[in-house]
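Colleague: The structure is given below, and queries will be raised subsequently.
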Amino acid sequence: MFFTDFTRRISLLTLNDMKFNTKSSVEAHAQLLIGKTIRELHPQATGLSKKHKGGFGHLLEEVHFGYEINSRSEADFKELGVELKGAPLRQLKSKAYRAKERIVLSIIDYLALVHQTFHTSDFWRKSEHLLLVFYVHEKSRLPADRRIMFAGLWSYSEADEAIIMQDWTFIRDIVKAGLAHELSEGDTNYLGACTKGANKSSLREQPFSPELAMQRAFCLKTTYVNRIVEAFQRRSPDAEELFNEAEVRALQKRSFDEVVLDKFNPFQGKTVAEIAADLNVELNPKSKSAWAALTADMLGVKSIKTTPELEKANITVKTIRLKPNGVPKESISFPAFHFTELVEEDWEESELFEQLDSRRYLFVVYDLGDGSWSQMRLKKAVFWNMPQSDIQKARATWESTRSTLRTGKIVKRIDANGTRRDWFPNMSETDVIHVRPHGQNREDTRPLPVADQLTGLSDFTKQCFWLNATYIGEVLKSKGV
DNA sequence: GCATGATCATGC
DNA sequence: GCATGATCATGC
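Numbering (my numbering), first residue to last: 583 to 1063.
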């Protein structure tokens, strides 16, 4: 059979350490995997039952491409400047594929980084041309049995490259300022500095400060990886681009943040009704999405959620309405957590740390005036992400939530009308984040790891972490809003 | 008036 | 139907 012969031929070739002369020949070889598993393509190969972490990447290199594992800083196909990466996908209920995680590139050498410029940097030399192999991650399957869905070379668009260069430069300048220990993934848009190490508290020296910094690696953020997946799926993104032609040109001289914030300038100080009139759009102040819709209109996009540049950068846009005392009317919620998962996590791998470290916010701030919507005036728009020092404070709330769950001392008392008072850390006891219910209603529950001591309940109303309104108020004050 | 608990509403 | 963003409502 042709197929069998062909498969055998590939296996022999890989054993002979194949040579690739062009980028497209490497790409074509990677694309042989599409729709298959490594075992199906190389049934006779050794090492197919390896279980260790990174197993897929290693198999890909050793079995399919036939070379020894290396962690040298040159690209995997040195002469061609191509770096090979295996990347896991997860499948949604809708059957669509999403990136399971960020793509981790090279470890950041803080000492060398500060002497480099982008286009000649170690990072760009190694990561300009990525050869990506996306496979479906299923826990129960060995790496050799995971199905490859997409494979190919990825080239950055001009606008993407401009944004990545800004991100890289930002990270380098933080290190130059002796602040490597203050880096977080949320500092930047597409290219992040994610924590990395056998132990995530692995520490490294930095050049301009005696303080040790967390070991970090350059990575493409999950949300950016999703855009790559989308491109590979050839689903034409019907979403509108955030930047028009003039703004793309402006990106050469001005930062991503500046170009975005400039879009709000014409509306500063105006009431929401005036803004709507300027933009010639309807305003339905009763709708909960009224202000988000107005923000989308000011940005010139249909919907914030589907704007590729915001999604790629993991930017969360929030409307903040300030009371006359400068404190936001509402706290800001995170997704509801799973009680049973939270008690099992380590801080460095926790959902919360991940979110605090990697999320960026675009706050669109209004003054509330006397409280009626017609008095709401746009004050300012600012970008923000949580500094490491505050992430450490948030950790205390996380720890306290965990111990509440572990002891099962959850319900404090039940009021006459049935309202449940609980022992989770609330806003008055915390500096940065607190815990509050977050479900459809009180009956919207999740299982507890330990039944509640007072009531015996084994399920409890969904809860989530909230950024304290008072904390956001201070953040905005310190940014001069 | 604010903090906390509860629920609404949108989008997938 | 559910996850999540947004906001309401009530007791202290």
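We put the beta carbon where it would ideally sit given N, CA and C, even for glycine.
Report yes if the CB atom of Glu893 is closer than 8 Å to the CB atom of Phe825, and no otherwise.
Modeller: Along the first sequence, one-based indexing puts residue 893 at 311. Along the first sequence, one-based indexing puts residue 825 at 243. No, the Cβ-Cβ distance between Glu893 and Phe825 is not below 8 Å.
Colleague: Please go through the same chain and pick out, in chain order, the residues whose beta-carbon is closer than 6 Å to the beta-carbon of Val696, but skip the five residues on each side of it.
Modeller: Indexing the first sequence from 1 puts residue 696 at position 114. The residues are Val757, Lys758 and Pro789.
Colleague: Looking at C-alpha atoms only, which residue of Ser982, Asn999, Asp1026 and Leu1030 is the closest neighbour of Ile1015?
Modeller: Numbered from its first residue, the first sequence carries residue 1015 at position 433. For Ile1015, the nearest C-alpha among the options comes from Ser982.
Colleague: To the nearest angstrom, report how far apart Ser985 and Leu1049 are at their CA atoms.
Modeller: Counting from one through the first sequence, the residue named residue 985 turns up at place 403. Counting from one through the first sequence, the residue named residue 1049 turns up at place 467. Looking at the two C-alpha atoms, the distance is approximately 20 Å.
Colleague: For His576, does the three-state DSSP call read helix, strand or coil?
Modeller: Any property of residue 576 remains undetermined from this structure, which presents the chain solely from 583 to 1063.
Colleague: Who are the near neighbours of Val909 in its chain, counting only those whose CB is closer than 7 Å to its CB and skipping five residues on each side?
Modeller: As a position in the first sequence, residue 909 is number 327, starting the count at 1. Ala1051, Thr1052 and Gly1055, listed in sequence order.
Colleague: Under the rule that 16 or more other beta-carbon atoms within 10 Å means buried, what is Pro725, buried or exposed?
Modeller: Residue numbering aside, residue 725 sits at position 143 when the first sequence is read from its first letter. By the 10 Å Cβ count, Pro725 comes out buried.
Colleague: Would you say Thr901 and Val946 are within 8 Å of each other, going by their C-beta atoms?
Modeller: Position 319 of the first sequence holds residue 901. Position 364 of the first sequence holds residue 946. In this structure, Val946 lies closer than 8 Å to Thr901 by Cβ.
Colleague: Contact between the stretch 950-963 and the stretch 986-1004: three or more CB pairs below 8 Å?
Modeller: Result no; under three Cβ-Cβ pairs closer than 8 Å.
Colleague: In terms of DSSP beta bridges, what is Arg798 paired with?
Modeller: On the first sequence, position 216 is the one that residue 798 refers to. Per DSSP, Thr777.
Colleague: Looking only at its own chain, which residues have a Cβ that is under 6 Å from the Cβ of Leu630, when we skip the five neighbours before and after it?
Modeller: Taking the first residue of the first sequence as 1, we reach residue 630 at position 48. Same-chain partners within the cutoff: Arg621 and Ala726.
Colleague: Within 10 Å of its beta-carbon, does Arg817 have 16 or more other beta-carbons around it, so buried, or fewer, so exposed?
Modeller: The residue given as residue 817 occupies position 235 in the first sequence. Caution is warranted here: a pLDDT of 40 is assigned to Arg817, below 50, making its placement in the model unreliable, and the coordinate value is therefore given only provisionally. The residue is exposed, with fewer than 16 neighbouring Cβ atoms inside 10 Å.
Colleague: List the whole-angstrom C-beta distance separating Leu950 from Ile897, where the pair is believed to meet the contact cut-off of C-beta under 8 Å.
Modeller: The count along the first sequence starts at 1 and reaches residue 950 at position 368. The count along the first sequence starts at 1 and reaches residue 897 at position 315. No, Leu950 and Ile897 are not in contact; Cβ-Cβ is about 24 Å, not under 8 Å.
Colleague: Looking at the secondary structure, which residues open and close the beta strand (DSSP E) in which Asp949 lies?
Modeller: The count along the first sequence starts at 1 and reaches residue 949 at position 367. Residues Arg942 to Asp949.
Colleague: Quick test of your reading: Leu794 and Leu785, contact by CB under 8 Å. State the CB separation rounded to the nearest angstrom.
Modeller: Numbered from its first residue, the first sequence carries residue 794 at position 212. Numbered from its first residue, the first sequence carries residue 785 at position 203. Correct: roughly 4 Å between the Cβ atoms.
Colleague: Pick out whichever of His719, Asp1004 and Glu643 has its Cα sitting closest to the Cα of Tyr679.
Modeller: The residue given as residue 679 occupies position 97 in the first sequence. Answer by Cα proximity: His719.
Colleague: The beta strand (DSSP E) spanning Met731 covers which residue range?
Modeller: For this step, residue 731 is matched to residue 149 along the first sequence. From DSSP, the beta strand (DSSP E) with Met731 extends over Ile730 to Trp736.
Colleague: Can you grab the Cα-Cα spacing for the pair Val1063 / Lys852, in whole Å?
Modeller: As a working note, residue 1063 is residue 481 in the first sequence. As a working note, residue 852 is residue 270 in the first sequence. Going from the Cα of Val1063 to the Cα of Lys852 covers about 15 Å.
Colleague: Going residue by residue through the stretch 812-872, where are the continuous alpha helix (DSSP H) segments of at least 4 residues, counting only ones entirely within it?
Modeller: Runs of the alpha helix (DSSP H) inside the stretch 812-872: 827-832, 838-844 and 854-861.
Colleague: Going straight from the alpha carbon of Asn866 to that of Ser885, what length do you get?
Modeller: As a position in the first sequence, residue 866 is number 284, starting the count at 1. As a position in the first sequence, residue 885 is number 303, starting the count at 1. Cα to Cα, the separation comes out at about 16 Å.
Colleague: For Arg680, report the span of its beta strand (DSSP E) as first-last.
Modeller: Taking the first sequence and counting its residues from 1, one reaches residue 680 at position 98. From DSSP, the beta strand (DSSP E) with Arg680 extends over Tyr679 to Ala681.
Colleague: In angstroms with no decimal places, state the Cα-to-Cα distance between Pro1065 and Thr1037.
Modeller: Because residue 1065 is not part of the residues shown, which for the chain are 583 to 1063, the question remains open.
Colleague: If you follow the alpha helix (DSSP H) that His611 is in, where does it begin and where does it stop?
Modeller: Locating residue 611 in the first sequence gives position 29, where the first residue counts as 1. Run containing His611: Lys605 to Gln613, per the alpha helix (DSSP H) assignment.
Colleague: Within the continuous alpha helix (DSSP H) that includes Leu693, where are the two ends?
Modeller: Looking up residue 693 in the first sequence gives position 111. Run containing Leu693: Tyr692 to Leu695, per the alpha helix (DSSP H) assignment.
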